[in-house]
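See structure below.
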Amino acid sequence: MSSAHGSHRNMFCQLDVLGNEASVETFFVNRLLAELGYRDGQIKTKESLEKLKVNEGRQRKLYRPDYALEVDNTVRWVLEAKAVDESLLPFVGQAASYCHHINASHRQGNPVTHFIMTNGALTEVYEWDRQDPILTLSFKDFDGVSEKWVKLKEIMAPDAFASKGWALQPALFESSMEIRRASISEINSAFAWCHKFIYRRENYSYSAAFMEFVKVVFLKLLSDKAIHASPDALVLENGSLQIPAEEVKFSTAWIEKMEGESPNPVADVQFSNLVRQLEEEIRKRKKKRIFSQGEILDLSPETIKGVVAKLQDLDLYSMDSDLNGRLFETFLNATLRGKDLGQFFTPRSVVKLATRLADLQVRRDHVDTVIDACCGTGGFLIESLSDMWGKVAANQSLSAAEKNQTREEIATQRIYGIDVAKEPALARIARINMYLHGDGGSRVYQLDALDKRVRSHATESNEVRDEKEEFKEIAERSGFDVALTNPPFAKEYARKTDVERQILDQYELAFQDSGRTRKPISSLKSSMMFIERYHDLLRPGGRLVTVIDDSILGGDREKRIRSYVRDKFIVKAVVSLPGDAFQRSQARVKTSVVVLQKKHHPDEEQTPVFMYYCTRVGIDEVARQRVLPIDEENRRAAEAEIEEVGRLYKDFLNGHPDDSWIVPPGAIENRMDVKACLPSAGRNVEKWQAEGHEVLSVGEMLRPAFGVVELPAEGETLVDRASDVVIPSESDELVTLLRVRYDGVAEAGETIAASDSTYDVLYKVRAGDVVISHINAVHGAVAVIPDELEGLVATKEYTVCRPRQGYHPYLIWQMLRTPEARADLLLSSTGMGRTRVDWAIVAQLQLPVPTVKISEAAIKAVEDARALERKARELYETAAQTLGSSLNLDNKEARALLAAFKPPR
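Numbers given in this note's numbering equal positions in the sequence shown, counted from 1, plus 1462.
What follows is the structure, given as structure tokens:
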């Protein structure tokens, strides 16, 4: 034992024998309880006590104290023991909450009157409903004669409890209220109802109704937060919270109670008090503005009461941190629609993946400073907060006081957000979000982050000017360790307006080098500008983790952007996201998450790059409101994929990479997208050959029916298809266009005059032709022309082929539609958006040739299916004719009416 404790002794033991919790219990607590006069049967040790859910910050955990002391077979007080060097303060709340729960179970009074906290060196006595000790004893006070020892025996001996009975509080729980956990779909439904209710009753625009709704829900969240912190809150078996009704302010009962004092108490009392409180914090420079000075809750009493009635029973604060952190995005999803959502939403799993790749550092000697300069409602900010707080909690080298201090530092000084949007004012919503999570939000700014000079304007208030100056000073003085972000894909800055021209003039990327001169570019996407802006904001070695449009990584027109990236950053990682990752915001754009590290000096060399292609991240965030069972399955799959990517990337950073996910520096000299750099077409050819399969190119099994002149192979007869070529400029014949679906079925499309076609040539197809879509072959759009579709015309967006001798069209059709063939076509395709494959690419595709037995079985299966399809069509026609003729449902007059009045297509 440390000599700091000396060799002091009291009536129970020497101080230096006290070490861990077990020694404190053995040498101090057990002897103390005996000296107080408790028999063994009155002392209940930890193992015999029931675990109860108690408060720990805003979380709840199962807990039981080390001892409970009984008098007359009823627990009257509890004791919590700690190691001699351990602080008592962090554990007071748990013990108090445990006492509250025991008392709440006794409806006729409060049997538990006290609890004791001790580590042997310090002992504190508390009344059950107070957070400050009524008696504090040092180690030496336990000498048998000190005033404090005498006082302790007076209030804690068994006789003291037997003599005074219980303090009755019969009315405490006579009127209670429950708030219950709600599912995502239930919350979405309630939000949508409330928004529509406000919109219709108050005649507001959708955006204005949303902002009033935000005010009401802010009050609801504050009310729920207070309920969770209340020692009177009782956790029921179903997870709901029971609370005395008089403590709940967000309720119709509270409104009715206050209506005598104010006609609109929620607006006039609760919201007004909130605004005054926030104004005081703004005045003290502790918070940024959430509501305008003197702002009111501008809803009628009836409307507010209706919204309160809809929400009062739901527990919004108990939602898991993931949903809670994105609560206001849920608001937006429930109230706004359309492509505008693209600026608000990053799918939840994409946020988690990016945060995992950011590898945020929280150490005793360093805590990362994080920025999202287009933060929206704060999704990345909340996820950063959650990630960093989790690392604080897991750091066993930190004391409880150090953990609390570090958590506060992270919330108030280490996470920065910026957003320029004003309708709705997303920065203010992000401030609300952060305000409710660790009292943050003081570092969220409403300004245009792309204006490097952060200029103020004459029309702005002093408060706005101060806010801009504060951010400018922070950015210039210290910079940031990590930028974690998803810039808007589509927004552009153009030189058409003075404001945007002045901003573009600040950017290196807004000029094209042309010999000795720099030529200004007329417009630039903000997503490209943010790359340069974050480079300015980051410290040397700082990390930019951003969602990025794949066209920037691989498009021909974006080569100079990639050149800038290679000049200014080390590319650490590129993780490809599925094409449907942003389906919720209706953004049809292929994206990736990239990790870029700002160079310390210009000649710093590129290192190997971690690359990965995700298949599940992002698709768990669907556009529809209704929640289906598949959504939970997709969410779990996305979480598993995030875990896998995070593990692989961590191994890469630690120097133990899985080489199958690493590319050399030279691989990104041109394109940087995963598809171009990591996988390669034909990766299974050697495996097939090793297994004894013959491997041929598609060009050795198919030949184009048009446009390619070649000599026939031995025994092969070439058919002249010149008569099947239609030149629209020379023909007015009616032609029916061919369509090929993703499921490999050919069908008739629109019938037009050939001269109306926008193509300069059309090709008539014949039965047995194999037709390959240039645009959608990777989706399976390859078909064999059946007899009934012979004579339809294909455009130049298809390659029409004939099988070479010895190869059946059904066999080649099936092989081209396999996942392996389509994956290789995708890897060989051109274009960053729509993945085109022309005949030159298809002809090079290599595939294994099946044995005669396998080929015959596959061909017969297709022929049998085609026969069944024809039989099914015949049966459909027979059924229709039977009904039509027997009931006169198919007649000349009906057909004439359809021809005369059917609407245009």
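Note that beta-carbon positions come from the ideal geometry of N, C-alpha and C, so glycine has one too.
Run of the beta strand (DSSP E) containing residue i, from where it starts to where it stops
i: F2168; result: Segment: none, F2168 is in no beta strand (DSSP E) and carries neither H nor E.
i: M1990; result: Segment 1988–1999 is the alpha helix (DSSP H) holding M1990; no beta strand (DSSP E) there.
i: V1944; result: 1942–1947
i: G2211; result: 2208–2215
i: V1832; result: 1832–1834
i: L2196; result: 2196–2202
i: D1686; result: Looking at the DSSP string, D1686 is not in any beta strand (DSSP E); the run it does join, the alpha helix (DSSP H), is 1668–1691.
Sub-9 Å separation of residue i and residue j beta-carbons
i: K2137; j: G2004; result: no
i: G2268; j: V2244; result: no
i: A1835; j: V2055; result: no
i: V2311; j: H2062; result: no
i: S1918; j: K1930; result: yes
i: L2200; j: A2285; result: no
i: Q1556; j: V1612; result: no
i: R1869; j: D1830; result: no
i: L1599; j: E1616; result: no
Rounded separation between residue i and residue j - CA only
i: D1694; j: M1579; result: 21 Å
i: E2282; j: E2250; result: 30 Å
i: V1944; j: L1759; result: 38 Å
i: A2362; j: N2353; result: 15 Å
i: D1782; j: A1583; result: For D1782, the pLDDT reaches just 49, beneath the cut-off of 50, and the residue's location in the model is therefore unreliable, leaving the point undetermined.
i: R2165; j: D2121; result: 39 Å
i: Q1476; j: H1470; result: 6 Å
i: V2157; j: I2316; result: 15 Å
i: K2412; j: E1864; result: What is shown of the chain runs 1463 to 2367, which leaves residue 2412 out entirely.
i: S2193; j: T2220; result: 13 Å
i: Y1588; j: P1573; result: 14 Å
i: S2235; j: S2013; result: 23 Å
i: I1766; j: V1728; result: 8 Å
i: Q1823; j: F1842; result: 16 Å
Close beta carbons around residue i, own chain, < 7 Å, minus the five adjacent residues each side
i: V2057; result: L1819, R2005, V2007, K2034, A2035
i: E1757; result: V1737
i: I1705; result: S1638, M1639, I1689, S1692, D1694, A1695
i: E1845; result: G1787, V1813, K1814, T1817
i: V1710; result: M1639, S1685, I1689, W1716
i: A1956; result: E1962, S1984, S1985
For residue i, the first and last residue of its enclosing alpha helix (DSSP H)
i: S2159; result: Where S2159 is concerned, there is no enclosing alpha helix (DSSP H), although the beta strand (DSSP E) it sits in stretches over 2156–2159.
i: A1771; result: 1763–1773
i: W1539; result: No alpha helix (DSSP H) holds W1539; the beta strand (DSSP E) holding it covers 1536–1543.
i: M2277; result: 2271–2278
i: D2371; result: Residue numbering for the chain in the displayed model covers 1463 to 2367; residue 2371 lies beyond these limits and cannot be assessed.
i: A1654; result: 1646–1664
Other residues of its chain near residue i: CB distance less than 8 Å, five sequence neighbours each side excluded
i: Y2272; result: V2246, A2320, I2321, V2324, E2325
i: A1624; result: V1533, D1534
i: T1507; result: D1528, Y1529
i: L1740; result: K1749, R1751, I1752, F1753
i: M1673; result: P1886, A1887
i: C2139; result: V2036, V2071, M2073, V2125, A2129, I2130, R2133
i: A1671; result: H1657, I1660, Y1661, E1664, T1797
i: Q2068; result: R2028, I2032, V2033, P2127, I2130
Spatial neighbours of residue i in its chain, beta-carbon cut-off 6 Å, leaving aside the 5 residues before and after
i: I2214; result: none
i: R2078; result: A2099, A2100, E2103
i: Q1805; result: With a pLDDT of 46 at Q1805, under the threshold of 50, the modelled position of that residue is not reliable, and no figure is offered here.
i: V2160; result: V2304, A2305, L2307
i: A1892; result: C1837, T1839, G1840, G1879, V1906
i: A1856; result: none
i: D2082; result: S1811, N2096, R2097, A2100
i: N1948; result: T1808, V2009
i: G2230; result: P2271
i: A1619; result: L1498, G1499
The segment 2104–2117 / the segment 2146–2161 touching (three or more Cβ pairs under 8 Å)
no
Answer yes if the segment 2191–2205 comes into contact with the segment 2233–2243, meaning at least three C-beta pairs across the two stretches below 8 Å, and no otherwise.
yes
So does the segment 1550–1565 actually touch the segment 1639–1649, counting three or more Cβ pairs closer than 8 Å?
no
Does the segment 2218–2237 touch the segment 2113–2131, meaning 3 or more C-beta pairs lie closer than 8 Å?
no
Given 8 Å as the limit, is there contact between the segment 1727–1734 and the segment 1695–1703, that is, 3 or more CB pairs closer than that?
no
Is it a yes or a no for the segment 1982–1993 touching the segment 2038–2045, going by three-plus beta-carbon pairs under 8 Å?
no
For the segment 1666–1682 and the segment 1770–1779, state whether three or more C-beta atom pairs, one from each stretch, are separated by less than 8 Å.
yes
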